[in-house]
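J.: Each residue of the sequence shown is one higher than the last, beginning at 0 in numbering that gives the first Met the number 0.
In this text, a Cβ means the ideal position worked out from N, Cα and C, and glycines have one as well.
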Amino acid sequence: MKKIFSIALCIILGSFILSGCSNSSEPFEEKNYTSDTQINGVTLDVQDREIEVSLSEDEQVHIQYFENSKEYYDISVSDENVLTMTSTSNKEWTDYIGVKASAENRKIFLQIPDALLENLMLSTTNEDIKLSALAVKGSMDISSNGGNITFENLDVGSTLTLNVKNGDISGAITGGYDDFSIYSEIKKGDSNLPEQKDGGSKTLNVSCNNGDIDIEFIGE
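Structure representation (structure tokens):
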């Protein structure tokens, strides 16, 4: 009888603890970052965040994001003027219990100047990456584990790399089909790209696991 009472007490106490954890999430605060120098490259390496990329109107890099003391970001600029933004967490185990942050607070809005960056690298998990029409002088490397990658006319100087797991890749690339050497890998999905095509002056690397690839080439 004592054993049954102890088990019941533990269940009741546990319920109170879990209930308290799920209702004590700290509110998020909107933050804005603007570069104070000419940025040559941008790297975003985040978790569980949707990324939306559009063009800047003043040739500077702008980032709008949401954070609190438990979920926040490290933003730095290297000596080579590469801006890096990474996820940082100060969570205890109880912070993982309950409802996650709202969809609005799980978004990052990145604005970049058109055709001025050398490189753009974006990586996230469990969310989508969306890019409007834009250009970089060098390469783009876009990756999502658990989300889709969608884009309008992307223009790269050398290499475009797209990687997705449990999601789709779709959009348009500036340039003709013959401008690119193509290397693609598809698992558990459909693709309109060949596995390999040589001969282009630029490179397109695409990998998709458990999703579809649908990429259109827009002649210049």
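1) Residue range of the beta strand (DSSP E) that Leu-82 falls in?
2) Can you tell me where the beta strand (DSSP E) with Ile-148 in it begins and where it stops?
3) So Asp-213 is in the beta strand (DSSP E); what residue range does that whole segment cover?
4) Could you please give me the residues that DSSP links to Ala-114 through a beta bridge?
5) Which residues does DSSP list as the beta-bridge partners of Asp-44?
6) In its own chain, which residues sit with a C-beta less than 6 Å from the C-beta of Lys-187, not counting the 5 before and 5 after it?
7) Tell me which residue opens and which closes the beta strand (DSSP E) that Ser-180 is part of.
8) Exposed or buried, which one is Ser-75 when buried takes at least 16 other CB atoms within 10 Å?
9) May I ask which residues mark the beginning and end of the beta strand (DSSP E) holding Lys-164?
10) At which residues does the beta strand (DSSP E) containing Ser-142 begin and terminate?
11) Could you please give the first and the last residue of the uninterrupted beta strand (DSSP E) stretch that includes Phe-65?
12) In angstroms, rounded to a whole number, what distance separates the CA positions of Asp-57 and Pro-112?
13) Kindly indicate which three-state DSSP category Glu-103 falls into: helix, strand or coil?
14) Applying the criterion that 16 or more other CB atoms from any shown protein chain within 10 Å of the CB defines a buried residue, is Val-205 buried or exposed?
15) Is Ser-101 close to chain C? Criterion is C-beta to C-beta, closer than 9 Å.
16) In the DSSP assignment, what are the bridge partners of Gly-199?
17) Rounded to a whole number of angstroms, what is the C-alpha to C-alpha distance between Ala-102 and Gly-198?
18) Do the CB positions of Val-60 and Ile-128 come within less than 9 Å of each other?
19) For Asn-104, which residues in the same chain have their Cβ closer than 6 Å to its Cβ, ignoring the five residues on either side in sequence?
20) If I'm right that Glu-151 touches Ala-171 with Cβ under 8 Å, what's the distance once you round it to whole angstroms?
21) Who are the Cβ neighbours of Asp-211 in its own chain at under 6 Å, not counting the five residues just before and after it?
T.: Let me lay it out:
1) 81-88
2) Under the DSSP assignment, Ile-148 falls in the beta strand (DSSP E) whose first and last residues are 148-155.
3) 212-217
4) Paired residue(s): none; Ala-114 is not in a bridge.
5) Thr-85, Ser-122
6) Asn-209
7) 179-186
8) exposed
9) Judged by DSSP secondary structure, Lys-164 falls within the beta strand (DSSP E) whose first and last residues are 158-164.
10) 138-144
11) 61-66
12) 7 Å
13) Helix, per DSSP.
14) buried
15) Any reference to chain C falls outside this structure, which holds one protein chain only.
16) None; Gly-199 has no bridge partner.
17) 43 Å
18) no
19) Phe-27, Phe-65
20) 6 Å
21) Asp-167, Gly-188, Asp-189
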